[in-house]
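Participant: This structure is in structure tokens; I'll ask about it shortly.
Residue numbers (this note's numbering): 797 to 1311.
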């Protein structure tokens, strides 16, 4: 690639990625006139590039709404489709004039550190000269343009772009299979007609039992209606709890986890001795709430009939942001035999399909891997050493202070990598915090203090769920937001009455900036 004939372009701030987190950061940092690099030809991230025809929002739209840009009230369902979400995001970007800063079809292929390696921490966020050099490839050309930035915000997220492919024994990988193998990322690129053609009348195997796998199996069943239709087999490696809707025995789901009173029974970082003792005393209540929810799910869904009851408690899936809504009529299709299940921890290919560790074989025409994405690998391909090696030091999880700043990587922020109940709200609030930080409205603590804080958060995650590496803060998200708003000087808590303060759902809009 040619990078010799183009002098470096220098600017104050760069943002990588124009998904939900990217446009939130671009809006909050707009007064610094950032340059936003988006590898594709549109904004929206996973909603644009990793969504099926049937993909819908998993949470109510009021929980996926920017604080200063409400959803249009007319004709919008409670759970919008991915196309309706894209329209909303485009409207937001246009309303706040974010699009002018976005360079589309501009892929970041390399980042170099040009700052002082002997200075640790965040001595100066905007030092007046470039700290990072960013190589950008435009329109798949052979030409590389280098940019110099004082501060870089990484918003490429954990999903999309880099598929997670299982490893197989030698000579038992997809190369020996006579049928078609694809990852869900490739399936997302098919239009409705092409997807139906791929699935109709075919013996399809879907590997995975999370949301993408469930939606994919449902689309497969719908394409195979009628007597000549084939069944879709789901290979289930790890079972997770699913919910039919957000009501439990007639009570709204948010009452159990998303209020101040409900989060009081869950551990949080820096909670002090008294609160630790109280959490210990309330642990039976925490377990009881999980069992109460499980009892409803086992009554409402035929999980036991199909051997789909997870062994771990529901609260562990909630604490790792892995709770998914079951597609409508999913078990009706299973009842008709259009969706069948095969539990297996190990499997591999043979020329006619896939084989399992119990020596059984399954014939297949198409195998679709709904096995997720490797967000860490995606990040490591562009970040230089030694920072690449520091990404997950010392716990195997990115130690992001306030979910945004890596204490050992200077003049760089990461938005959209720590999950919560509402990732849009979290990204928006963290972008507000980042804007305040860059504008010198508050100071960061020492590197040691930030690492200590992130270590405490990770320990809480480890004690909350076996799936802690998902890096989710759902059980203490209100406390997390409180800390961010405290940094920003927002301390006035507004509620219409005491009842809603104790029992009502929480959102960022409930904070007001103190005069």
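No residue lacks a Cβ here, since even glycine has one placed at the ideal position from N, Cα and C.
Would you grab the beta carbon distance between residue 1096 and residue 1180 for me? Rounded to a whole angstrom, and I think it's under 8 angstroms.
Facilitator: So it is not a contact: roughly 51 angstroms between Cβ atoms.
Participant: Can you check whether the CB of residue 1240 is closer than 8 angstroms to the CB of residue 918?
Facilitator: yes
Participant: Check whether the segment 1030–1045 and the segment 1184–1191 touch, using three or more Cβ-Cβ pairs below 8 angstroms as the test.
Facilitator: Of all C-beta pairs linking the segment 1030–1045 to the segment 1184–1191, fewer than three are shorter than 8 angstroms, placing the two stretches out of contact.
Participant: To the nearest angstrom, how far is it from the Cα of residue 776 to the Cα of residue 1023?
Facilitator: Residue 776 lies beyond the stretch modelled for the chain, which goes from 797 to 1311, so this question has no answer here.
Participant: My output table needs one value for residue 1037: the three-state DSSP class, helix, strand or coil.
Facilitator: coil
Participant: How about residue 956 and residue 1046: are their beta carbons less than 8 angstroms apart?
Facilitator: no
Participant: Indicate the three-state DSSP secondary structure (helix, strand or coil) for residue 1316 in the structure shown.
Facilitator: Outside the modelled stretch of the chain, which goes from 797 to 1311, sits residue 1316, for which no answer is possible.
Participant: Can you name the start and end residues of the beta strand (DSSP E) that residue 941 belongs to?
Facilitator: 940–950
Participant: Can you grab the Cα-Cα spacing for the pair residue 1171 / residue 1195, in whole Å?
Facilitator: 15 angstroms
Participant: Under a Cβ-count criterion, where at least 16 other Cβ atoms within 10 Å of its own Cβ denotes burial, should residue 802 be classed as buried or exposed?
Facilitator: The residue is exposed, with fewer than 16 neighbouring Cβ atoms inside 10 Å.
Participant: Roughly how many angstroms lie between the CA atoms of residue 1125 and residue 1017, to the nearest whole one?
Facilitator: 10 angstroms
Participant: What residues in its chain sit with their C-beta under 6 angstroms from that of residue 1246, if we drop five residues either side in the sequence?
Facilitator: Excluding sequence neighbours, residue 1246 sits near 1197, 1203.
Participant: Looking only at its own chain, which residues have a Cβ that is under 6 angstroms from the Cβ of residue 1253, when we skip the five neighbours before and after it?
Facilitator: 1065
Participant: Starting from the C-beta of residue 881, find all residues in its chain whose C-beta is less than 8 angstroms away, skip the five residues before and the five after it, and write them out in chain order.
Facilitator: Same-chain partners within the cutoff: 840, 843, 853, 860.
Participant: Taking just the CA atoms, how far does residue 1226 sit from residue 1284?
Facilitator: The alpha-carbon atoms of residue 1284 and residue 1226 are separated by roughly 11 angstroms.
Participant: My understanding is that residue 1213 touches residue 954, with C-beta atoms under 8 angstroms, so please give their C-beta distance in whole angstroms.
Facilitator: 6 angstroms
Participant: Let me check understanding here. Comparing Cα to Cα, which of 929, 847, 829, 925 lies closest to residue 892?
Facilitator: Proximity to residue 892 across 929, 847, 829, 925 peaks at 829, based on C-alpha coordinates.
Participant: By how many angstroms is the C-alpha of residue 1008 removed from the C-alpha of residue 876?
Facilitator: 16 angstroms
Participant: Whose C-beta lies closer than 7 angstroms to the C-beta of residue 806 among residues of the same chain, with five residues either side of it excluded?
Facilitator: 926, 944
Participant: Return the CA-CA distance between residue 1002 and residue 1010, expressed in angstroms with no decimal places.
Facilitator: Computed Cα separation, rounded: 9 angstroms.
Participant: To the nearest angstrom, how far is the alpha carbon of residue 1037 from that of residue 896?
Facilitator: In this structure, the straight-line span from the alpha carbon of residue 1037 to that of residue 896 is close to 42 angstroms.
Participant: Excluding the 5 residues flanking residue 823 on each side, which residues of the same chain have their C-beta closer than 6 angstroms to its C-beta?
Facilitator: 892, 894
Participant: Given that a residue counts as buried once 16 or more other Cβ atoms are within 10 Å of its Cβ, and exposed if not, what is residue 1043?
Facilitator: exposed
Participant: My assumption, with CB atoms under 8 angstroms, is that residue 815 sits in contact with residue 951. Please give the rounded CB distance.
Facilitator: At roughly 6 angstroms, the Cβ-Cβ gap stays under 8 angstroms, so residue 815 and residue 951 are in contact.
Participant: Could you check where the alpha helix (DSSP H) with residue 1056 kicks off and where it finishes?
Facilitator: 1056–1059
Participant: Taking residue 1226 as part of the alpha helix (DSSP H), name the residues at either end of that continuous run.
Facilitator: Residue 1226 -> alpha helix (DSSP H) spans 1219–1234.
Participant: On the three-state DSSP scale, how would you describe residue 980?
Facilitator: If DSSP states are grouped into helix, strand and coil, residue 980 belongs with the helices.
Participant: Where do the ends of the alpha helix (DSSP H) carrying residue 1139 lie?
Facilitator: It is not in any alpha helix (DSSP H) - residue 1139 instead sits in the beta strand (DSSP E) that spans 1135–1139.
Participant: Buried or exposed for residue 1123, going by 16 or more other Cβ atoms inside 10 Å?
Facilitator: buried
Participant: For the pair the segment 974–988 and the segment 1155–1166, tell me if three or more CB-CB distances fall below 8 angstroms.
Facilitator: yes
Participant: Whole angstroms are fine: how far does the CA of residue 1094 sit from the CA of residue 1103?
Facilitator: 11 angstroms
Participant: Helix or strand or just coil, what does DSSP make of residue 1122?
Facilitator: coil
Participant: Considering only the alpha carbon of each residue, which of 906, 857, 883, 1012 lies closest to residue 996?
Facilitator: 1012
Participant: Taking the alpha-carbon positions, what's the residue 1137 to residue 1089 distance?
Facilitator: Taking the straight line joining both Cα atoms gives about 24 angstroms.
Participant: Roughly how many angstroms separate the alpha carbons of residue 1289 and residue 1274, rounded to a whole number?
Facilitator: Confidence at residue 1289 is low in this model, with a pLDDT of 38, below 50, so its placement is unreliable and the value that follows should be read with caution. The straight-line gap from Cα to Cα measures roughly 12 angstroms.
Participant: Throw me the rounded Cβ distance for the residue 972 and residue 1147 pair, which I believe falls under 8 angstroms.
Facilitator: 6 angstroms
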